[in-house]
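When we follow UniProt numbering, the leftmost residue of the first sequence carries the number 1, and every step to the right adds one.
Glycine included, every Cβ here is placed at the ideal spot set by N, Cα and C.
Before any comments, here is the structure.
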Amino acid sequence: MAMLSALTFFSNYTIQQNISLVNTKATKNHEPRTLPKSSRTDKYNRQSIDVNVSDARKNHLLTESLISYVNYGDMDNALYLFEGMSKSDTFVWNVLIRGLTDNGFFREAVDLYYRMCFSGVRADKFTFPFVIKACGELCDLREGEKVHAKVYKVGLDFDVYICNALICMYAKVGDIECAERVFSKMQRRDLVSWNSMISAYAIIGDGWSSLLCIKKMQSVGIGHDKFTVLSSLKACSLLCSLIIGKEIHGQVIKSTFRSDVVVQTSLIDMYGKCGQVQYAQNLFNWIPQMSVITWNAMIGCYALNLHPLESFTCIRNMQASGLVHPDKITLINLLPSCAQVGALIPAKSIHGFAVRREFLPHLVLETTLVDMYGKLQELRLAKQVFDQMNMKNLISWNAIIAAYVQNGQSRQALKLFSDLINNHCVPDASTISSILPAYSDIASLREGKQIHGYNIKKEFSANNFITNSIIYMYARCGDLLIAQQIFDRMYNKDVISWNTIIMAYGIHGFGKESLKLFCRMRENDIEPNASTFISVLSSCSIAGLDEEGWKYFHLMKWEYGIDPQIEHYGSMLDLLGRKGDLEKAKKFIDEMSLPPTARIWGSLLSASRQHGNIELAEVAANHILSSAHDNTGCYILLSNMYAKAGRWEDVERIKGLMSEKGLAKTTGCSDIEINYKTIRFVNHDRSHLKTDKIYDVLAILLRWIGEELFVGLSKFNPVDLVRTRLNSPKCHSIRLAISYGLISVSVGKPIVIKKNVRICSDCHDAAKKISDITNREIVVGDSKIYHHFKDGKCSCKDYW
DNA sequence: ATAGGGTTAG
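Pasting the structure below:
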């Protein structure tokens, strides 16, 4: 008896002493944890227990103590106690495995189960649910299957509790077929079994199956409870089905759990996901008591529905309430709002808050930070967070790749993409849709085909977004024919597919084809949107279809009620510029309903260059240079105009301005792909193995087209001649590539060349003539459009 | 004496 009181005292003592070391909050739904290696001290002197107490009695008392520790979440001491006990009793093992699972020590729970097996202690129907749950939490399908096999072997595969646990486990690892198989083989199903299956469909994102399962459950006469409601609300969120959501809300109001905070939170979440901020807010305002999760759901609702300021107000109110504190998920939900308002300083302070609160490292939070910095155009910070992550998954990789693509770093994005594959990650549809624009940008047909092949293998072609991107990619890589074929084979073309194919023909200068496609699109009852008209109008402007361009510009407004955006205005301005009426063009800019952007001034600059109006070019250039836009091209264009006019002081002035801003002239180069290899030429390149032959061909070509390779122009004075010769267009990369193409590409096939900057007018002229005298089609993709040179003409009709 | 299903996240 004395010993008993000693034990009681001891228990109380340790529990009180340990209270700060122990998890006193809810003991469920932890993130996975690991036990510290023997952090326990020896101040708990348990040896005193053994005197005068029978073994059975002793074990009983120890077990009670063990349960106390487990229920307090003090697994460290629970394990210590366990090691000192007789381990023949299944019950003790079960208590400890439950404790580990409940407290988030999933790997340890599974390990302890194996130790139990090896110790020869039989696992019973109580053991398996905990172990199976731990496997599910670990997302370890192989481990889960092993335990399932054992369940089957010991004949417990008809136990309702175990089967229910198996359904949940299979759902968590994403194996819905296995979950369904367990469910269908059950001889007896209770409400929990049905709820588990309903929730399983919701977990894998199959809202319809989830709702259908509820119907089926009702048809066999089983009523619902709040767990059913929670899953059904999740299904509504997945389906964005406000109608069903409201119906369930109605049922909730009539039910006994209408004031349950979990159900209320779920309703707020559902309204948020269905885009109904007002409904969510009304609920939130009247909710009797809120948990941190309720606040998080409301903040997430605002962020999701692009109400960034409200989400900031919400977190301020949350902190002012003093009842709950922001947690990791609060920040995860809040961060997109920073990107939405372009607010770097709040973003950084939230990041700092996370660091101070020791929320990091945390996979999801870090990934959100990467995503947000990417959207705020802070690539350096995005990369910094990404590099510091000690755990990365596919979603984090997708975030950093998207950040690079969105910020125009296509080459680097592709490098990361190959890093991801070398890291044994398997890209998903999201990775592919992020990376495809980068492939379009680098416009390498060889690499483009590789990624296309990968998509076919992975069966991503069912995804419209991806297929549309692939169509665009082929067009940008110069292979309009494949683009067309893929488009033709799509069986569910959406408006974006049509916009893409119209644009594809547009950038290749086949404006008439674009307009035919627009008509076909209308015949197919696809309603055009603003982007459709960007495709149509830019096709018209690239091909110089003046009359048609204006017709569609007016049609867009008056028949389809679409107000012109800056891109639409830009295309119309290109058409005006082409005609050379620069005054009219200037007037058009003044009369636009939108403030002009760099795109608009760029258009005016091109027109001024084409018609040799330096004064207007300077006006346009000054506007571009005063914006934060990347304006390297603008400097170069202006500098070339000055050079052409012999204004060398101004050329030097521009050069000075560029070096002041740290801008370097982009080295122009021309790529040609021969036999799955990309050959790159720069101006005056002599690095190719066949250099002598290439220059021989070039010399012949130039003689044919009436230029001489080694004779300078005579209309400049000697000093200018030297300057001019330094950058003589006669040996520009494009001509070297054409010469090489003529001796490498089989006769009859077009010579396709990609250029990283716009083609100069001398080379444009030369290419036309070469196409004529050699009777070859030459296709040159520059940084904006494709030029198809054939029979001495170019598809751009000499305006670009 | 120990069981199973639940709300917010990139």
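Review point. From I198 to I214, what does the alpha carbon distance come to, in whole angstroms?
Key: To locate residue 198, count along the first sequence from 1; it is residue 198. To locate residue 214, count along the first sequence from 1; it is residue 214. I198 and I214: Cα-Cα distance of roughly 7 Å.
Practice item. May I ask which residues mark the beginning and end of the beta strand (DSSP E) holding F257? Key: Here residue 257 refers to the residue found at position 257 of the first sequence. That residue, F257, is in no beta strand (DSSP E); it is neither H nor E in DSSP.
Check your understanding: Alpha carbon to alpha carbon, what distance is there between A109 and N18?
Key -> By 1-based counting over the first sequence, the position of residue 18 is 18. By 1-based counting over the first sequence, the position of residue 109 is 109. Confidence in N18 is poor, its pLDDT being 34 and thus under 50, which makes the residue's placement unreliable; the coordinate value appears in the next sentence. Spanning the two alpha carbons is a distance of roughly 22 Å.
**Study point:** Under the three-state DSSP convention, the category F789 falls into
**Key:** Taking the first residue of the first sequence as 1, we reach residue 789 at position 789. Strand at F789.
Exercise for review: Using three-state DSSP, classify G781 as helix, strand or coil.
Suggested key: For the purposes of this step, residue 781 is identified with residue 781 of the first sequence, where counting begins at 1. DSSP places G781 in strand when its eight states are reduced to three.
**Study point:** Option in N499, I243, G174 with minimal Cα separation from C139
**Key:** Locating residue 139 in the first sequence gives position 139, counting from the first residue. Out of N499, I243, G174, G174 has the C-alpha closest to the C-alpha of C139.
Point to revise | Where T678 sits in the DSSP three-state scheme | key: Here the question's residue 678 lines up with position 678 in the first sequence. DSSP, read as helix, strand or coil, puts T678 in strand.
Practice item. Compare the Cα-Cα distances from L420 to each of A438, I401, P437 and report the closest residue. Key: Within the first sequence, the letter at position 420 stands for residue 420. With distances taken between Cα atoms, L420 lies closest to I401.
Review point. Are the CB atoms of S571 and G668 nearer to each other than 8 Å?
Key: In the first sequence, counting from the first residue as 1, residue 571 sits at position 571. In the first sequence, counting from the first residue as 1, residue 668 sits at position 668. Their beta carbons are not under 8 Å apart, which means S571 does not touch G668 by this criterion.
Practice item. Keeping to the same chain, check which residues put their C-beta closer than 7 Å to that of D428; ignore five residues upstream and five downstream. Key: Position 428 of the first sequence, counted from the first residue, corresponds to residue 428. Only L394 meet the Cβ criterion.
Practice item. Would you tell me roughly how many angstroms separate the C-alpha atoms of V160 and F312, rounded to the nearest one? Key: Taking the first residue of the first sequence as 1, we reach residue 160 at position 160. Taking the first residue of the first sequence as 1, we reach residue 312 at position 312. Distance between the alpha carbons of V160 and F312 is about 46 Å.
**Study point:** Pairwise C-alpha distance: I432 and Y373
**Key:** Reading the first sequence from its first residue, position 373 is the one you call residue 373. Reading the first sequence from its first residue, position 432 is the one you call residue 432. Cα-Cα distance, rounded: 21 Å.
Practice item. Could you pull out every residue in the same chain whose Cβ sits closer than 6 Å to the Cβ of R115, ignoring the five residues on either side in sequence? Key: Sequence index remark: in the first sequence, residue 115 carries index 115 (1-based). There are no such residues.
Review point. Would the beta-carbon of K797 fall within 8 Å of that of A607?
Key: Counted from its first residue, the first sequence places residue 797 at position 797. Counted from its first residue, the first sequence places residue 607 at position 607. Their beta carbons are not under 8 Å apart, which means K797 does not touch A607 by this criterion.
Exercise for review: Return the CA-CA distance between L625 and G656, expressed in angstroms with no decimal places.
Suggested key: Here residue 625 is taken as the residue at index 625 of the first sequence, counted from 1. Here residue 656 is taken as the residue at index 656 of the first sequence, counted from 1. So the two alpha carbons sit approximately 14 Å from each other.
**Study point:** Proximity of T467 and M490 at Cβ, strictly below 8 Å
**Key:** Taking the first sequence and counting its residues from 1, the one referred to as residue 467 is at position 467. Taking the first sequence and counting its residues from 1, the one referred to as residue 490 is at position 490. In contact: T467 and M490 (Cβ atoms closer than 8 Å).
Practice item. Would you give the residue range spanned by the alpha helix (DSSP H) that K449 belongs to? Key: Stepping through the first sequence from its first residue, residue 449 is reached at position 449. Looking at the DSSP string, the run of the alpha helix (DSSP H) that includes K449 is 445 to 458.
Check your understanding: Per DSSP, what kind of secondary structure is V752 in: helix, strand or coil?
Key -> Here the question's residue 752 lines up with position 752 in the first sequence. Correct three-state label for V752: strand.
Exercise for review: With a floor of 4 residues, list each alpha helix (DSSP H) that falls wholly inside the UniProt repeat "PPR" (89 to 123), ordered by position along the chain.
Suggested key: 90 to 102, 106 to 118
Check your understanding: What three-state label does DSSP hand E559 in the structure shown?
Key -> Numbered from its first residue, the first sequence carries residue 559 at position 559. It is coil, neither helix nor strand.
Exercise for review: May I have the straight-line CA-CA distance separating Y567 from C540, to the nearest angstrom?
Suggested key: One-based indexing of the first sequence puts residue 567 at position 567. One-based indexing of the first sequence puts residue 540 at position 540. The residue asked about is misnamed: residue 567 is Glu in this sequence, not Tyr. Their Cα atoms are separated by approximately 13 Å.
Practice item. Evaluate the contact criterion for the stretch 327 to 345 versus the stretch 355 to 367: three or more CB pairs, one atom per stretch, below 8 Å. Key: The stretch 327 to 345 vs the stretch 355 to 367: in contact.
Exercise for review: Enumerate in chain order the residues of its own chain whose CB-to-CB distance from D782 is below 6 Å, with the five nearest sequence positions on each side excluded.
Suggested key: The residue labelled residue 782 in the question sits at position 782 within the first sequence. Cβ neighbours of D782 within its own chain (closer than 6 Å, five residues either side excluded): K755, R758, I759.
Practice item. Compute the Euclidean distance between the alpha carbons of H452 and I442, then round it to the nearest angstrom. Key: The residue you call residue 452 lines up with position 452 of the first sequence. The residue you call residue 442 lines up with position 442 of the first sequence. C-alpha separation (whole angstroms): 15 Å.
Exercise for review: Tell me whether the beta-carbon of I753 lies closer than 8 Å to the beta-carbon of D671.
Suggested key: Numbered from 1 along the first sequence, position 753 holds the residue referred to as residue 753. Numbered from 1 along the first sequence, position 671 holds the residue referred to as residue 671. Going by C-beta atoms, I753 is nearer than 8 Å to D671.
Review point. Given a threshold of 16 other Cβ atoms within 10 Å of its Cβ, counted over all protein chains shown, does H351 qualify as buried or as exposed?
Key: On the first sequence, residue 351 is found 351 positions in, with the first residue counted as 1. With 16 or more other Cβ atoms within 10 Å, it is buried.
**Study point:** Helix, strand or coil at D671 [DSSP, three-state]
**Key:** As a first step, residue 671 must be located in the first sequence, where it is residue number 671. Here D671 sits in strand by DSSP.
Review point. Do L233 and M270 have their C-beta atoms closer together than 8 Å?
Key: The residue given as residue 233 occupies position 233 in the first sequence. The residue given as residue 270 occupies position 270 in the first sequence. Their beta carbons are under 8 Å apart, which means L233 touches M270 by this criterion.
Check your understanding: What are the start and end residues of the alpha helix (DSSP H) that includes W800?
Key -> Counted from its first residue, the first sequence places residue 800 at position 800. Where W800 is concerned, there is no enclosing alpha helix (DSSP H), because DSSP gives it neither an H nor an E.
Check your understanding: Hey, how far is the Cα of Q187 from the Cα of D157?
Key -> For the purposes of this step, residue 187 is identified with residue 187 of the first sequence, where counting begins at 1. For the purposes of this step, residue 157 is identified with residue 157 of the first sequence, where counting begins at 1. Distance between the alpha carbons of Q187 and D157 is about 10 Å.
Point to revise | Burial state of G332, where buried means 16 or more other Cβ atoms lie within 10 Å | key: The count along the first sequence starts at 1 and reaches residue 332 at position 332. At residue 332 the sequence reads Ile, which differs from the Gly that was named. It is buried - the Cβ of I332 has at least 16 other Cβ atoms within 10 Å.
Review point. Which residues in the same chain have their Cβ closer than 7 Å to the Cβ of I293, if we skip the five residues on either side of it in sequence?
Key: Here residue 293 corresponds to residue number 293 of the first sequence, with the count starting at 1. The answer, listed in chain order, is T265.
Review point. From S603, T127, S349, I562, pick the residue whose C-alpha is nearest to that of G577; which is it?
Key: For this step, residue 577 is matched to residue 577 along the first sequence. Ranking S603, T127, S349, I562 by Cα distance to G577 puts S603 first.
Point to revise | C794 (DSSP reduced to helix, strand or coil) | key: Here residue 794 corresponds to residue number 794 of the first sequence, with the count starting at 1. DSSP places C794 in strand when its eight states are reduced to three.
**Study point:** Separation of W93 from K28, as counted between CA atoms
**Key:** As a first step, residue 28 is located in the first sequence; it is residue number 28 there, counting from the start. As a first step, residue 93 is located in the first sequence; it is residue number 93 there, counting from the start. Residue placement at K28 is flagged as unreliable, the pLDDT there being 46, under the threshold of 50; a coordinate-derived value is accordingly withheld.
Practice item. Could you pull out every residue in the same chain whose Cβ sits closer than 8 Å to the Cβ of N455, ignoring the five residues on either side in sequence? Key: Here residue 455 refers to the residue found at position 455 of the first sequence. So the qualifying residues of the chain are I432, S461, I466, I470.
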